[in-house]
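A.B. asks:
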Amino acid sequence: MKKYFSKTVIIFTVIATLTTGCRSSEEYKKLTDAGTKYAEAVNELLTTAGDIRIDLTSEQILRDDRQSNQSLENYTQRSQSDLKRLQVIEEVRNHNTLLKKYFSTLQELATSDAPASAQSEIASITQNLNKSSQILQNSDLFSSRNQGIAQAVTHAVISSKIKGALKEELEKRHQTILKELTIQQEMLNYLSESLQHDVEMIQSAREQRLIIEPLTSSTKIQEQSQWIEDRRKILTMDRKVEELKNAGEALGEFKTAYQAAVSGELNVARLNHLLKDIDTFLALVENKN
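In terms of my numbering, the sequence shown opens at residue 122 and continues consecutively.
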């Protein structure tokens, strides 16, 4: 899954383009294409994070069942825990989608001769964004990381190069959006840390169940090709962890770029560096197989 985090990334760079005067159609296309791929990759990674958590629980259920017969109550408790995690991951995806919509509409606001419609849409988006972030901050997954989020967001003076409705919007909600970006980044960081633990547990369980037990059994391995494939998949599972970790790091880079853009400190060289980071991230995800 590519170094992604949905179309948010692309919109950050579009904002950079708007605020640095880099407005050629070719540059817009480059940014848009990269952002779209990044978004798709992030959503794919989030799906994988949920799948891996379910796989871990399944391995644990099988392990416990080998030791003693499991009850329906035990199974239901584990499933409820999985569903709770999946709900949070889905909210992370929703939060990301809302950020993407915000920046997309911000672009419309900057380029429109009649910004009233975009202003109204932005107000609705930010209201939903706030609701989503509250859900994330109140989740068990985020509670331990929720300290100091507001303090971590620094104030920035909007560049004098930015004019009109765009400047008015940035002055009104810049701090709020930085906070939302920070929350999104924290959730990605948490999920990558959690995924690291999940993957290690799955690797241990599956290596024992699918690799070591058949290998040390007195009977010959019948499905040798399958054994080889299983071993490869098990030993390379940790690539997913690295991809999700890189997604959080990439989002941090974009947050920094956004801050630089609105304060008028983002130059073409820095913008190109960000595009290079996206390409590297996407290449890693594309090579997952």
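Every residue gets a Cβ at the ideal spot worked out from N, C-alpha and C, and that includes glycine.
1. State the Cα-Cα distance for the pair Asp-412 and Gln-305, rounded to the nearest angstrom.
2. Check Ala-390 in the structure and name its three-state DSSP category.
3. From what residue to what residue does the alpha helix (DSSP H) around Gln-191 run?
4. Rounded to the nearest angstrom, what separates Gln-228 and Leu-365 at their Cα positions?
5. Count the other CB atoms, across all protein chains shown, that sit within 10 Å of the CB of Ala-390; report buried if there are 16 or more and exposed otherwise.
6. Grab the span of the alpha helix (DSSP H) containing Leu-309 for me, first residue to last.
7. Beta-carbon within less than 7 Å of Leu-291's beta-carbon, same chain only, minus the 5 sequence neighbours each way: which residues are those?
8. If Gln-240 sits next to Leu-230, beta carbons under 8 Å apart, how far is it from one beta carbon to the other, in whole angstroms?
9. Within 10 angstroms of its Cβ, does His-394 collect 16 or more other Cβ (buried), or is it exposed?
10. Output the boundary residues of the alpha helix (DSSP H) element that contains Asp-351.
11. Ile-355 and Trp-348: beta carbons closer than 8 Å?
12. Between the segment 173-193 and the segment 215-227, can you find at least three pairs of beta-carbon atoms closer than 8 Å?
13. By the DSSP assignment, the alpha helix (DSSP H) with Ile-243 in it spans what residues?
14. Between the Cα of Val-362 and the Cα atoms of His-318, Glu-180 and Asp-203, which residue gives the shortest distance?
15. Using DSSP with H/G/I as helix, E/B as strand and the rest coil, what is Lys-282?
C.D. replies: With the structure as the only source:
1. Lying before the first or after the last residue shown, residue 412 is absent from the chain, which here runs from 122 to 410.
2. What you label residue 390 is simply residue 269 of the sequence shown in a count that begins at 1. Correct three-state label for Ala-390: helix.
3. The count along the sequence shown starts at 1 and reaches residue 191 at position 70. No alpha helix (DSSP H) contains Gln-191, which DSSP labels as neither H nor E.
4. Locating residue 228 in the sequence shown gives position 107, counting from the first residue. Locating residue 365 in the sequence shown gives position 244, counting from the first residue. Rounded to the nearest angstrom, the two C-alpha atoms are 28 Å apart.
5. What you label residue 390 is simply residue 269 of the sequence shown in a count that begins at 1. With fewer than 16 other Cβ atoms within 10 Å, it is exposed.
6. As a working mapping, residue 309 is identified with position 188 in the sequence shown. In the DSSP assignment, Leu-309 falls within the alpha helix (DSSP H) that extends over 285-327.
7. Counted from its first residue, the sequence shown places residue 291 at position 170. In chain order, Ile-279, Ile-283 and Val-383 place their CB closer than 7 Å to the CB of Leu-291, counting only its own chain and leaving out the 5 sequence neighbours on each side.
8. Taking the first residue of the sequence shown as 1, we reach residue 240 at position 119. Taking the first residue of the sequence shown as 1, we reach residue 230 at position 109. The pair is a contact, with the Cβ atoms about 7 Å apart (cut-off 8 Å).
9. Mapped onto the sequence shown, residue 394 falls at position 273. Looking at its Cβ environment, which holds fewer than 16 other Cβ atoms inside 10 Å, His-394 is exposed.
10. The count along the sequence shown starts at 1 and reaches residue 351 at position 230. For Asp-351, the enclosing alpha helix (DSSP H) stretches over residues 345-356.
11. Taking the sequence shown and counting its residues from 1, the one referred to as residue 355 is at position 234. Taking the sequence shown and counting its residues from 1, the one referred to as residue 348 is at position 227. Cβ distance not < 8 Å, so Ile-355 and Trp-348 don't count as in contact.
12. Between the segment 215-227 and the segment 173-193, the count of Cβ pairs shorter than 8 Å is below three; the stretches do not touch.
13. Here residue 243 refers to the residue found at position 122 of the sequence shown. Start and end: 237-258.
14. Mapped onto the sequence shown, residue 362 falls at position 241. If we check each option's Cα against that of Val-362, His-318 comes out closest.
15. Translated into positions along the sequence shown, residue 282 becomes position 161. Under the three-state reduction of DSSP output, Lys-282 falls in the coil class, being neither helix nor strand.
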